[in-house]
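Trainee:
In UniProt numbering, the protein residues as written are 1 to 260.
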């Protein structure tokens, strides 16, 4: 029988059972696919979290340490160009390793450092190392040359003039520190300028090779000799300001008179 272009097929009992069976098979097939997809998603999520947790675990056991970027000789004042900060696993960490640049810059390494070697706190000194026979002497100065820059590490000669005679009391003296009139240092230990660097130098600390040279300089000042400090682009007159000098000395500075 035709009805509007379609054939009407009578549905028998067997046909109905066949359709139900096919529908059930399709349903079960879809359920199987859904379960496979869900299992895959669960497996991926589990793998991802496991991987992420392992990554966080690695991050948690890493520590920042300071290492040398190039070889550093023993007795060298360390500056920013010599060291850097890296992260290393806890298993490679040294017990007294330094964590930040602030703990290193300006200090002196008592042992040679190889490139990429971890800097250890026990091998650092707070200031330049001086041989046992050396003395540290502070002198008041009045700068002569305009715009003179005198800084730690400069080499100068100490001259004495008496009765039109000039004598070199100490040649090649190395500058240790430079201070203003209030005793504030104009340069940091690593050679960089401090916030007082614009002030006029009023005192210098020099390394004196032995106590006898220190005595000679002090005696020349007592005798009224004219002492001057000269170097490359440096010219200054030494002042006899011992009382003021000693008042502004810090606790770590050695006073020559107390050593002899």
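No residue lacks a Cβ here, since even glycine has one placed at the ideal position from N, Cα and C.
Would you tell me roughly how many angstroms separate the C-alpha atoms of residue 196 and residue 47, rounded to the nearest one?
Mentor: Rounded to the nearest angstrom, the two C-alpha atoms are 59 Å apart.
Trainee: Count the C-beta pairs between the segment 85-95 and the segment 36-45 that are closer than 8 Å, then say yes if the count reaches three, no if not.
Mentor: no
Trainee: Counting Cβ pairs, one atom from each stretch, are 3 or more of them under 8 Å apart for the segment 212-221 and the segment 119-126?
Mentor: no
Trainee: Taking contact to mean 3 or more Cβ pairs, one atom from each stretch, closer than 8 Å, check whether the segment 204-213 and the segment 166-178 are in contact.
Mentor: Touching, yes, given that three or more Cβ pairs across the two stretches are closer than 8 Å.
Trainee: Let me know if residue 234 comes out buried or exposed under the rule of 16 or more other beta-carbons within 10 Å of its beta-carbon.
Mentor: buried
Trainee: On the criterion of 16 or more Cβ atoms from any shown chain inside 10 Å, does residue 135 qualify as buried, or is it exposed?
Mentor: buried
Trainee: Counting beta carbon pairs with one atom in the segment 62-74 and one in the segment 30-41, are three or more of them shorter than 8 Å?
Mentor: no
Trainee: By how many angstroms is the C-alpha of residue 200 removed from the C-alpha of residue 159?
Mentor: Near 22 Å, if we compare the C-alpha coordinates of residue 200 and residue 159.
Trainee: Three-state secondary structure (DSSP) at residue 163?
Mentor: Residue 163 falls in the coil class under three-state DSSP.
Trainee: Mind listing, in chain order, the continuous beta strand (DSSP E) runs of no fewer than 3 residues lying wholly within the segment 77-156?
Mentor: 83-89 and 135-143
Trainee: Ends of the beta strand (DSSP E) at residue 220?
Mentor: Here residue 220 belongs to no beta strand (DSSP E); instead the alpha helix (DSSP H) covers 211-222.
Trainee: Bridge partners of residue 322, per DSSP?
Mentor: Residue 322 cannot be examined here, being either before or after the span of the chain that is shown, 1 to 260.
Trainee: On the criterion of 16 or more Cβ atoms from any shown chain inside 10 Å, does residue 140 qualify as buried, or is it exposed?
Mentor: The residue in question, residue 140, is buried, as its Cβ has 16 or more Cβ neighbours within 10 Å.
Trainee: Return the residue from the list 88, 90 and 83 that minimises the CA-CA distance to residue 109.
Mentor: 83
Trainee: Can you tell me whether residue 37 is helix, strand or coil according to DSSP?
Mentor: helix
Trainee: By the 10 Å Cβ neighbour count, where 16 or more other Cβ atoms means buried, how is residue 114 classified, buried or exposed?
Mentor: It is exposed - the Cβ of residue 114 has fewer than 16 other Cβ atoms within 10 Å.
Trainee: Measuring straight from C-alpha to C-alpha, what distance separates residue 150 and residue 137?
Mentor: 16 Å
Trainee: I'd like the list of long-range same chain contacts for residue 237, defined as Cβ closer than 6 Å, with 5 residues on each side in sequence excluded.
Mentor: 142 and 228
Trainee: Counting only the same chain and skipping the five closest in sequence on each side, list residues whose C-beta sits under 8 Å from that of residue 187.
Mentor: 151, 152, 177, 178, 193, 194 and 197
Trainee: Please state the DSSP three-state secondary structure of residue 187.
Mentor: Of the three classes helix, strand and coil, the one that applies to residue 187 here is strand, per DSSP.
Trainee: Express the C-alpha separation of residue 106 and residue 118 in angstroms, rounding to a whole number.
Mentor: 17 Å
Trainee: Within this structure, are the beta carbons of residue 144 and residue 156 separated by less than 8 Å?
Mentor: In this structure, the beta-carbon distance from residue 144 to residue 156 does not fall below 8 Å.
Trainee: With a CB to CB cut of under 8 Å and the five nearest residues on each side skipped, what residues in its chain are close to residue 262?
Mentor: As shown, the chain starts at 1 and ends at 260. That puts residue 262 outside it, with no answer to give.
Trainee: Taking the straight line between their C-alpha atoms, what separation do you get for residue 77 and residue 226?
Mentor: 34 Å
Trainee: Cβ atoms of residue 104 and residue 66: under 8 Å apart, would you say?
Mentor: yes
Trainee: What's the C-alpha gap between residue 217 and residue 75?
Mentor: 27 Å
Trainee: Use the C-beta contact count for residue 122: other C-beta atoms within 10 angstroms, 16 or more gives buried, fewer gives exposed.
Mentor: exposed
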